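For reference, the structure discussed in these notes is given below.
Protein chains: 2
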Amino acid sequence: MVTITDIAEALGITPSTVSRALAGSPRVKEDTRVAVLRKAEEMGYQRNIMAANLRKRRSDIVGIVVPRIHRQFFANVISGAESILNEAGYNVMICQTMEKLDVEIKVLRTLRNHQVAGVLLSHAIEARDSKHLAALGNIPLVQYDRVFFDYPGAKVVGANCEGAFKATKHLIESGYRKIGTIAGFMTSQAYVERLAGYRLAIESAGIPFNPDIVYENAIVRETGREAALKALEAGCDALYCCGDFCALGAVEALQEKGVRIPEDFGIVGTANEFFTSLMTPALTSLGQNPYEMGREAARAFLEGRTDTTVIPMELQIRSSSIRNTICQK
Amino acid sequence: MVTITDIAEALGITPSTVSRALAGSPRVKEDTRVAVLRKAEEMGYQRNIMAANLRKRRSDIVGIVVPRIHRQFFANVISGAESILNEAGYNVMICQTMEKLDVEIKVLRTLRNHQVAGVLLSHAIEARDSKHLAALGNIPLVQYDRVFFDYPGAKVVGANCEGAFKATKHLIESGYRKIGTIAGFMTSQAYVERLAGYRLAIESAGIPFNPDIVYENAIVRETGREAALKALEAGCDALYCCGDFCALGAVEALQEKGVRIPEDFGIVGTANEFFTSLMTPALTSLGQNPYEMGREAARAFLEGRTDTTVIPMELQIRSSSIRNTICQK
DNA sequence: GGAATTTGTGCAAACGTTTGTATATTTGTC
DNA sequence: GACAAATATACAAACGTTTGCACAAATTCC
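Read top to bottom, the protein sequences are chains S and B. Under my numbering, think of the first position of the first sequence as 1320, with each following residue one higher. Under my numbering, think of the first position of the second sequence as 1320, with each following residue one higher.
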């Protein structure tokens, strides 16, 4: 392994000069700079990043923490963040928490031990408060998607309330009458806001808000099924779902009961996962623009921001929510 | 930031002893070990991994290189590898190449600069040979899924030939007569073998192999569409597809042409991506068991193996390939 | 042409660990 | 109780960079 000292010796200069030359410091003469660069190339020099990081007391790695990597949403957040961070000379270290608090704690500790330059985090469902985030010490943290508003620092979130409002309003305008919601976990602000948006839309339409047809703590396929069956029993004819997987479960459960979608029952999901367009009927979904969210989170880190950025959400209307009536407006 | 020197001073001993105590060396007395551990806890000590890595001349990071993170297949490989590596005390650094050779080269250089303990790689489609892998120097490399057999070191691959054989045989047994294949890129061994398996099945059934109905260089949705239209024109009544996305494109193109699947035309994909079960008709797919592949690749790295491991592939039979005839055998 | 300034390079100390070797202490043996 | 052996700790040198400071040489200024 060739080091800057080797280069220095080969050139009869000191490692400091080599270091500065490689870093492009204006303090070295042009001639020696090109000499160093050529020699480095010739000797096959590879910079030892760990040594540099140790000396500089910080690394060029940014940690990205996601609940689960295989969810399209998070995979796209990662891609977005990576596109910005790589450009700025950073590398990313991706960590999955599997929605578990203890894994999240372990992961944050690891990132801290690596002295990463920053962390972009979307917390696990199991994490009910921001206490454990303090483990990061003074490493800059950007929260995205699922955020704790009581914890200081930059945040990037979807326009959840506004989005859920649009989604629910769309169901109302499609002519559905008793619209429930699969609401997710109230431990996460994102879901709280979606519920708020749903409620706002309902009440704006002059319909009284009915807590009995709000199905909390459902988010995956199986719990979506269960919630849908309850909703059916309660006389609902539509559901706004806080996720696509629970929406998928809902669709399946209803179809098994012989309920026709969208004729008898309307469904809207959230996230606009790839599979939603392939379902029968294709699922209307509130898209979150994860790629942009990742880019924005990365920018927030780079610029050292501490504010909150809101990423618009767009309703992708498909078959599962369009009744025979023509969509008004 | 508290260091082992701080702990040593607080305890009136030397950093070396603290280091050994923390590492669980048998050379330190039980008493001092617990004293060190308690003090470390009390002072909120966090090990500086970069310093340790520098001294040990290797890092605790294993690089995982994937073409695209958002593909279920690779996301699951990552999860599998992570499960084994974390257990063994390693952390993973995930890199996407976006199927581009220059990005792959850049990524490998970065991993090398980080002195990672090892690399698990599935090369980009654009990478046509193994030349650029030498950039890793003496860092152990495990190739998985897409591998270069001419490059030394451990490899973990799916039973592509055998799998494609099963998939094609299934189409034959379902009663399809003229079976083509969307074959992918012949620059990648995985696709070469799938084609070989297809051919073997065809010929074993006494059907002459017909290169005219082998559609190469198709792998994504759009190219799958194009290939399917050509196959239709050529009089095919079935296609074995080397991927699920090109299979999806094929299904869509055929359906638009009014071709009924599976009645008029049979389709089998490869990878068993999540969405295949949600399509109409549900897509029969040759599943690759990516989670196991990731685990195996990680084990190959840990054990320093240099052999080739083959992961069985299982055919998930769904509607897209079952004609009215009963499946023989 | 001497003083002041600029420019380029060298020196050496850090960054926080790990680890081979040396030393001090304890234990065991006869 | 002297000596060997085992045990536990200390010493000090690395690992490969970066960077503040010092210093020499070259340039500028009056």
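Backbone N, C-alpha and C define an ideal beta-carbon position, used for all residues, glycine too. None of these values were measured; they are calculated from a predicted model.
Flagged as an interface residue toward chain B: THR1599 (chain S), by a C-beta distance shorter than 9 Å. For GLU1611 (chain B), the secondary structure class from DSSP, reduced to helix, strand or coil, is helix. The three-state secondary structure of ASN1405 (chain B), taken from DSSP, is helix. Using a Cβ-Cβ cut-off of 9 Å, THR1324 (chain B) does not count as an interface residue toward chain S, since no Cβ of chain S sits closer than that to its own.
SER1378 (chain S) reaches chain B at MET1369, counting residues in chain order whose Cβ is nearer than 7 Å.
Interface annotation, GLY1456 (chain S): in contact with chain B, CB-CB separation under 9 Å.
GLN1462 (chain B) is bridged by DSSP to B:LEU1440, B:LYS1474. Put simply, the segment 1345-1364 of chain B does not touch the segment 1399-1406 of chain B. Fewer than three CB pairs are less than 8 Å apart.
Just measuring C-alpha positions, the residue of B:GLY1585, B:SER1604, B:SER1523 sitting nearest ARG1642 (chain B) is B:GLY1585.
Closest by C-alpha distance to LEU1558 (chain B), out of B:THR1487, B:GLN1391, B:VAL1422, B:GLU1512, is B:THR1487. Excluding five sequence positions before and after ALA1454 (chain B), the CB atoms of its chain that fall closer than 8 Å to its own CB belong to ILE1424, LEU1427, ARG1428, ARG1431, given in chain order. About 5 Å separates the beta carbon of VAL1539 (chain B) from that of PHE1564 (chain B), a gap short enough to meet the 8 Å contact definition.
At a cut-off of 9 Å between beta carbons, HIS1451 (chain S) makes no contact with chain B. Between GLY1499 (chain B) and CYS1561 (chain B), the gap from beta carbon to beta carbon reaches 9 Å or more.
By the 16-neighbour rule on beta-carbons within 10 angstroms, PRO1386 (chain S) is buried. Beta bridge pairing from DSSP links GLY1585 (chain B) with B:ALA1557. When the beta-carbon positions are compared, SER1441 (chain S) and VAL1384 (chain S) come within less than 9 Å of each other. Among the CB atoms of chain B, one or more fall inside 9 Å of the CB of ARG1428 (chain S).
Scanning its chain for C-beta atoms nearer than 7 Å, with the 5 sequence neighbours on each side dropped, one finds around LYS1576 (chain S) the residues LEU1551, in chain order.
Annotated as proximal: MET1369 (chain B) and MET1369 (chain S), with beta-carbon spacing under 9 Å. For SER1604 (chain B), the pairing in a beta bridge is given by DSSP as B:GLY1588, B:GLN1635. For GLY1382 (chain S), the enclosing beta strand (DSSP E) starts and ends at 1380-1385.
Here SER1523 (chain B) is exposed, its C-beta having fewer than 16 other C-beta atoms within 10 Å. Among the residues of chain B, those whose CB is under 8 Å from the CB of ASN1395 (chain S) are HIS1389, following chain order. Cβ proximity to chain B below 7 Å picks out ASN1395, ILE1397, SER1398, GLU1401, ASN1410, MET1412, ILE1413, GLN1415 from the segment 1395-1425 of chain S. One finds ASN1367, MET1369, ALA1370, LEU1373 in chain B with Cβ atoms closer than 8 Å to the Cβ of LEU1373 (chain S), taken in chain order. Scanning chain S for C-beta atoms nearer than 9 Å to the C-beta of ARG1431 (chain B) yields GLN1365, reported in chain order.
For the pair GLY1613 (chain S) and SER1398 (chain S), the CB atoms are nearer than the 9 Å cut-off.
As the crow flies, the alpha-carbon of ARG1618 (chain B) is around 34 Å from that of ASP1464 (chain S). Chain S places no beta carbon closer than 9 Å to that of GLN1635 (chain B), leaving this residue out of the contacts. Listed along chain S, the residues sitting closer than 8 Å to GLN1434 (chain B) by beta-carbon distance are ASN1367, ILE1368, MET1369. Residues of the segment 1458-1472 of chain S that bring their beta carbon within less than 9 Å of a beta carbon in chain B are absent altogether. For ALA1524 (chain S), no beta strand (DSSP E) run applies, since DSSP gives it neither H nor E. Here DSSP, grouped into helix, strand and coil, assigns GLN1365 (chain S) to coil.
The beta carbon of LEU1567 (chain B) falls within 9 Å of a beta carbon belonging to chain S, placing the residue at that interface.
In the pairwise beta carbon analysis, the segment 1473-1492 of chain B is classified as touching the segment 1622-1639 of chain B: at least three pairs are separated by under 8 Å.
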